[in-house]
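So the protein lines, in turn, are chains A and B.
Residues in the first sequence are numbered from 0 upward in steps of one, following numbering that gives the first Met the number 0.
Residues in the second sequence are numbered from 0 upward in steps of one, following numbering that gives the first Met the number 0.
Every residue gets a Cβ at the ideal spot worked out from N, C-alpha and C, and that includes glycine.
See structure below.
There are 2 protein chains.
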Amino acid sequence: MTYTYEYPRPSLTVDCIIFGLDETGRLKVLLIQRAKNPFKDHWALPGGFVDMDEDLEAAALRELKEETGVENVFIEQLFTFGTPSRDPRGRVVSVAYFALVNLAEHQLGADTDAQDVRWYALDELPDLAFDHAVILETAISRLRGKVRYQPIGFELLPDSFTLTQLQTLYETILGKDLNKRNFRTKILKMGILAEDKMLRGVAHRPAQMYRFDQQKYDDYLKKGFNFEI
Amino acid sequence: MTYTYEYPRPSLTVDCIIFGLDETGRLKVLLIQRAKNPFKDHWALPGGFVDMDEDLEAAALRELKEETGVENVFIEQLFTFGTPSRDPRGRVVSVAYFALVNLAEHQLGADTDAQDVRWYALDELPDLAFDHAVILETAISRLRGKVRYQPIGFELLPDSFTLTQLQTLYETILGKDLNKRNFRTKILKMGILAEDKMLRGVAHRPAQMYRFDQQKYDDYLKKGFNFEI
DNA sequence: TCAAAAGTGTTTAGTTTACACCCATGC
DNA sequence: GCATGGGTGTAAACTAAACACTTTTGA
Numbered sequence: 000m001t002y003t004y005e006y007p008r009p010s011l012t013v014d015c016i017i018f019g020l021d022e023t024g025r026l027k028v029l030l031i032q033r034a035k036n037p038f039k040d041h042w043a044l045p046g047g048f049v050d051m052d053e054d055l056e057a058a059a060l061r062e063l064k065e066e067t068g069v070e071n072v073f074i075e076q077l078f079t080f081g082t083p084s085r086d087p088r089g090r091v092v093s094v095a096y097f098a099l100v101n102l103a104e105h106q107l108g109a110d111t112d113a114q115d116v117r118w119y120a121l122d123e124l125p126d127l128a129f130d131h132a133v134i135l136e137t138a139i140s141r142l143r144g145k146v147r148y149q150p151i152g153f154e155l156l157p158d159s160f161t162l163t164q165l166q167t168l169y170e171t172i173l174g175k176d177l178n179k180r181n182f183r184t185k186i187l188k189m190g191i192l193a194e195d196k197m198l199r200g201v202a203h204r205p206a207q208m209y210r211f212d213q214q215k216y217d218d219y220l221k222k223g224f225n226f227e228i
Numbered sequence: 000m001t002y003t004y005e006y007p008r009p010s011l012t013v014d015c016i017i018f019g020l021d022e023t024g025r026l027k028v029l030l031i032q033r034a035k036n037p038f039k040d041h042w043a044l045p046g047g048f049v050d051m052d053e054d055l056e057a058a059a060l061r062e063l064k065e066e067t068g069v070e071n072v073f074i075e076q077l078f079t080f081g082t083p084s085r086d087p088r089g090r091v092v093s094v095a096y097f098a099l100v101n102l103a104e105h106q107l108g109a110d111t112d113a114q115d116v117r118w119y120a121l122d123e124l125p126d127l128a129f130d131h132a133v134i135l136e137t138a139i140s141r142l143r144g145k146v147r148y149q150p151i152g153f154e155l156l157p158d159s160f161t162l163t164q165l166q167t168l169y170e171t172i173l174g175k176d177l178n179k180r181n182f183r184t185k186i187l188k189m190g191i192l193a194e195d196k197m198l199r200g201v202a203h204r205p206a207q208m209y210r211f212d213q214q215k216y217d218d219y220l221k222k223g224f225n226f227e228i
């Protein structure tokens, strides 16, 4: 079966940039190792062709699940990449989506298109296929921007977390140290955290754990906000 | 001449949302009246099909020029719209771009695809073709967001302008009144404006006019900034 | 008792918000 | 001289930034 058109058409794909935090607080990105040419054996962002009757976002979620096993994530459109030379197979335009997830909550599993799936630390990236290094750079910039006006971090951390964990995450994303006193004051003043149990069994003073309070967060958003840290 | 592929492919288009300020300070958007079906005679955003060897941004600028006569503008990618039902001709995915221009600096001219080209005030919009009302809404939200962390307005106003003009623009975009004293203090403290001549011949105290100082603006950006008004 | 990380007090500088007032012009 | 917008002074409230200190635990 073939498909014929009066004018030429580019192929349309989606790619996913999924960021996760590992146990030690390092920011990682989800990559697959390609099983087919072009770029066989290279690492790449999960993604693939959009079906004819499928929403772009649905295509991204489908490919993500098929190639990596990751599902139930909130994705957000990042940018559309369409430089004519970006794919050796011909003109391929790709709509990129990104998401933040708690790495520990997702089981990885490669399928036929991918030989392997893995979380890579951002400072230990392999060479990436196509223009995926550029796409990833774009996603990192967006993440840095987003953190300034939205309470990122809750998606990345476990349900219950300490303020030090949250601060470390912000420091990782922003790439700079923050003042403990001021960070705590600011975050708590937002009133979007609820106290949870204490973190005990550590060789230092037990930490108060918090959960993200969705109700209070919604109220906070309505008032207009500023997450500048 | 026809083009045959092994798998079906969506069509790819670009659309442009061009905002301009008129003499009286109203925010307007550039629309064309379609000369062809579908949606013949309806008003729509300028746009069209992407050529096979053409960058997305180049396609947007080409279509903009062809359909409206507007050229030499900085466009920025807004979002990609791909709901399967958005175009009655079949699956059409559209990459939307937006720009801010000084309306007075651009001469309008319709071509064959458009019967007419016109600036429409945002509160007097006609029914729009396709999902262009949704695209426009998205662009307005982006504009409101952008104004908070970037010195928008300089593209929209003439080279030389008064602070009241700038304040009125911000009030228009944000949809709320701002305090004159505080607006002036904040904008001037940024140090990105240079004094120009006085605005004379008006029936009130002459106003100091300013120009946007590109050099100082670049310095300001390097330091990190906050355009929250 | 010590190391390690949690958590608090407080001062200072700077920013934001709000309101009231004066200024220069053309008609 | 008055209507019209341009432009300024200043007090009070709030935030941000910096730094030093106390607390609680396990080993």
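Query                                                                                                                                                                   : Result
For Thr67(B) and Pro45(B), which I take to be in contact (beta-carbon distance under 8 angstroms), what is that distance rounded to the nearest angstrom?               : 5 angstroms
Beta-carbon of Thr79(B) versus every beta-carbon of chain A: anything under 8 angstroms?                                                                                : yes
DSSP three-state call for Ile228(B): helix, strand or coil?                                                                                                             : Model confidence at Ile228(B) stands at a pLDDT of 45, short of 50, so the residue's coordinates are unreliable; what they give is reported in the following sentence. Ile228(B) falls in the coil class under three-state DSSP.
On the three-pair Cβ rule with 8 angstroms, is the region 143-151 of chain A touching the region 80-88 of chain A?                                                      : no
Using a Cβ-Cβ cut-off of 7 angstroms (strictly less than) and excluding sequence neighbours within five positions of Leu55(A), which residues of its own chain qualify? : Val13, Val49 and Val94
Determine the direct distance from the alpha carbon of Arg61(A) to that of Gln106(A), and round the result to whole angstroms.                                          : 16 angstroms
On the CB-based measure, 16 or more other CB atoms within 10 Å of its CB, does Arg90(B) come out buried or exposed?                                                     : buried
In this structure, how does DSSP classify Phe103(B) when only helix, strand and coil are distinguished?                                                                 : With the sequence shown as reference, residue 103(B) is identified as Ala, and Phe is not the correct amino acid for it. It is helical.
Compare the C-alpha of Leu77(B) against each of Leu165(B), Ala57(B), Cys15(B) and Leu102(B) and name the closest.                                                       : Cys15(B)
Can you tell me whether Leu121(A) is buried or exposed, with buried defined as 16 or more other CB within 10 angstroms of its CB?                                       : exposed
So the beta strand (DSSP E) Arg33(A) belongs to, where does it begin and stop?                                                                                          : Leu26 to Arg33
Counting only runs of 3+ residues fully inside the region 26-79 of chain A, write out the beta strand (DSSP E) ranges in chain order.                                   : 26-33 and 46-48
If you draw a straight line from the C-alpha of Leu173(A) to the C-alpha of Arg143(A), how long is it?                                                                  : 6 angstroms
May I ask you to report which of helix, strand or coil DSSP gives Met0(A)?                                                                                              : coil
Enumerate, from N- to C-terminal direction, the unbroken beta strand (DSSP E) stretches of 3 or more residues contained entirely within the region 142-223 of chain B.  : 159-161, 192-198 and 206-211
Could you tell me the distance, in whole angstroms, from the CA atom of Lys185(A) to the CA atom of Glu194(A)?                                                          : 16 angstroms
Just to confirm before moving on: does the CB-CB distance between Leu30(A) and Tyr119(A) stay below 8 angstroms?                                                        : yes
For Arg33(A), which of Asp176(A), Ala58(A) and Leu127(A) has the nearest alpha-carbon?                                                                                  : Leu127(A)
What is the DSSP secondary structure of Leu121(A), reduced to helix, strand or coil?                                                                                    : coil
Mind listing which residues of the region 67-95 of chain B have their C-beta closer than 7 angstroms to chain A's C-betas, in chain order?                              : Gln76, Phe78, Thr79, Gly81, Thr82, Pro83, Arg90, Val92 and Val94
Does the beta-carbon distance from Val92(A) to Pro9(A) come in below 8 angstroms?                                                                                       : yes
So what's Tyr6(A) in DSSP terms, helix, strand or just coil?                                                                                                            : coil
In chain A, what lies closer than 9 angstroms to Leu155(B) by C-beta?                                                                                                   : Near Leu155(B) there are no residues of chain A at all, since even the closest Cβ is about 23 angstroms away, more than 9 angstroms.
Going by beta carbon distance, what residues of the same chain come within less than 8 angstroms of Phe97(B), once the five residues before and after it are set aside? : Cys15, Ile16, Ile17, Phe18, Ile74, Glu75, Leu77, Ala138, Arg141 and Leu142
Determine the DSSP secondary structure at Ala109(A), reduced to helix, strand or coil.                                                                                  : coil
Counting contacts by CB-CB distance shorter than 8 angstroms, is Glu53(A) in contact with chain B?                                                                      : yes
Taking CB distances under 8 angstroms as the criterion, tell me whether Arg199(B) reaches chain A.                                                                      : no
Buried or exposed for Asp201(B), going by 16 or more other Cβ atoms inside 10 Å?                                                                                        : With the sequence shown as reference, residue 201(B) is identified as Val, and Asp is not the correct amino acid for it. When all chains shown are included, Val201(B) counts as exposed.
Among Glu65(A), Asp218(A) and Trp42(A), which one has its Cα closest to the Cα of Thr111(A)?                                                                            : Glu65(A)
Under 8 angstroms, Cβ to Cβ, is there at least one residue of chain A near Phe129(B)?                                                                                   : no
Between the Cα of Gly245(B) and the Cα atoms of Asp217(B), Arg204(B), Leu63(B) and Glu104(B), which residue gives the shortest distance?                                : Outside the modelled stretch of chain B, which goes from 0 to 228, sits residue 245(B), for which no answer is possible.
State yes or no: is the beta carbon of Val49(A) nearer than 8 angstroms to at least one beta carbon in chain B?                                                         : yes
Check whether the Cβ atoms of Glu5(A) and Thr1(B) sit closer than 8 angstroms, and answer yes or no.                                                                    : yes
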